[in-house]
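J.:
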Amino acid sequence: MTAVAASVAEGGGCRHLAIIMDGNGRWAQAKRLPRIAGHREGVQAVRRVVEAAPTLGLDVLTLYAFSSENWKRPADEVSDLMGLLRHYVQHELDTLHRNGVRLDFIGDWQALKPDLVQLLATARDKTRSNSGLRLVMALNYGGQGEIVRAARALAADVAAGTLAPDGITTDMLEARLDTAGLPPPDAVLRTSGELRLSNFLLWQTAYAEFLVTETLWPDFDGAALAAALDEFSRRERRFGGR
Ligand code: IPE
Ligand code: IPE
Ligand code: MG
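Listed below in structure tokens is the structure:
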């Protein structure tokens, strides 16, 4: 069964929600605080949402935490964001593990600073056998780059003579994406009102429902998540059928 067929067979519920956590800067600006204050409050929103997600029926929660384009930001902001990521994993890992959360990463996260890569790999390995919420953090992630990496892996097989160009299928490309083994997101939620994907999960969102809220990410909580999933439940999904 293909990934899309499996999600149809499963029924109407949202199993996998992917969130573009946006608006930290505007939240801080509105309060005349430095941007780091918005990012710090954003981490509290992550904690609230991770806690609420399994109670609302989600199996997979993918969070866009740092894009491959976010390196364009001033060095001090990038360093603040990396520091918060390190702090979050260091301080939340035991709680996540106790709650059965399985932590995973997508994107070119292995290109981050070696000590951070080490911490992330340890967190992933420690929680690998957990059967609760799958929490996937997109780090140094860009959808175009991910597809290019998958294309390179296919090209390597062609060059090695183990794969014919005409033999390449959608399943084969999908199996080489960072998200291999995960169901596609049923919905993508973006906070702060922007109406764009910003290079997030370009392949995987082929049939995802878009949910947009004006709420800025630092103000997001379990009730806002429940409201978004309620909106999702009223959508009619067709997958090209009628
Ligand atoms: C989202 O908030 C956090 C990241 C992109 C890491 P922003 O920092 O993009 O906040 P705005 O869009 O400037 O308000
Ligand atoms: C997308 O938000 C990236 C993350 C949430 C990590 P951005 O704030 O970077 O996106 P743009 O620049 O407004 O498109
Ligand atoms: Mg933004």
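Note that the numbering used here has the sequence shown beginning at 9, numbered continuously upward. Beta carbons are placed, not taken as given, at the ideal position from N, Cα and C, and that holds for glycine. In this text the structure is predicted, and so the values were computed from the model without any measurement.
What does the Cβ neighbour count give for Val156, buried or exposed, with the cut at 16 atoms within 10 Å?
T.: So Val156 ends up on the exposed side.
J.: Ligand 1 and Trp262: does any heavy atom of the ligand fall closer than 7 Å to the residue's C-beta?
T.: What the structure shows of the chain is the stretch from 9 to 250, and residue 262 is not part of that stretch, so it cannot be assessed.
J.: Note down, one range per segment and in chain order, each beta strand (DSSP E) of at least 3 residues found wholly within the stretch 23 to 76.
T.: For the stretch 23 to 76, whole beta strand (DSSP E) runs of length 3 or above, ordered along the chain, are 24 to 28, 68 to 75.
J.: From the DSSP output, read off the bridge partner residues of Ala146.
T.: DSSP lists Tyr72, Ile114 as partners of Ala146.
J.: Compute the distance between the beta-carbons of Ala234 and Thr221, then report whether it is under 8 Å.
T.: Not closer than 8 Å, so no.
J.: Check whether the Cβ of Phe240 sits closer than 7 Å to any heavy atom of ligand 1, and report yes or no.
T.: Not under cutoff, so the answer is no.
J.: Compute the beta-carbon to beta-carbon distance between Gly31 and Leu224, rounded to the nearest angstrom, for a pair I have assumed lies under 8 Å.
T.: Indeed, because the Cβ distance is near 3 Å, the residues count as touching under 8 Å.
J.: Here's a check: name, in chain order, each residue in its chain whose Cβ is nearer than 7 Å to the Cβ of Arg81, leaving out the five neighbours to either side.
T.: Contacts found: none.
J.: Whole angstroms is fine: what's the gap from Asp102's alpha carbon to Ser200's?
T.: The alpha-carbon atoms of Asp102 and Ser200 are separated by roughly 31 Å.
J.: Given that a residue counts as buried once 16 or more other Cβ atoms are within 10 Å of its Cβ, and exposed if not, what is Ser15?
T.: With a pLDDT of 49 at Ser15, under the threshold of 50, the modelled position of this residue cannot be trusted; read the value that follows with caution. When all chains shown are included, Ser15 counts as buried.
J.: Would you say the beta carbon of Asp30 comes nearer than 7 Å to a heavy atom of ligand 3?
T.: It does: the Cβ of Asp30 is within 7 Å (strictly closer) of some heavy atom of ligand 3.
J.: On the DSSP bridge list, what partners appear for Val220?
T.: DSSP output for Val220 lists Arg198 as bridge partner(s).
J.: For Gly33, is the beta carbon positioned less than 7 Å from some heavy atom of ligand 5?
T.: In the structure shown, ligand 5 is absent; the only ligands present are ligand 1, ligand 2 and ligand 3.
J.: Should Arg184 and Ala163 be called a contact, given that it needs their Cβ atoms to be closer than 8 Å?
T.: No, the pair does not count as a contact, with Cβ atoms beyond the cut-off.
J.: Helix, strand or coil for Gly91 per DSSP?
T.: Reduced to three states, the DSSP call for Gly91 is helix.
J.: Among Met29, Ala26, Glu49, Ile27, which residue has its Cα nearest to the Cα of Ala36?
T.: That would be Glu49, whose Cα lies nearest to the Cα of Ala36.
J.: Can Leu111 and Leu120 be called in contact, C-beta distance under 8 Å?
T.: No.
J.: So, with DSSP's three-state summary, where would you put Ala161?
T.: Residue state, collapsed to three classes: helix.
J.: Where does Asn107 sit, in a helix, a strand or coil, going by DSSP?
T.: Coil.
J.: Within the continuous alpha helix (DSSP H) that includes Arg132, where are the two ends?
T.: Residues 122 to 135.
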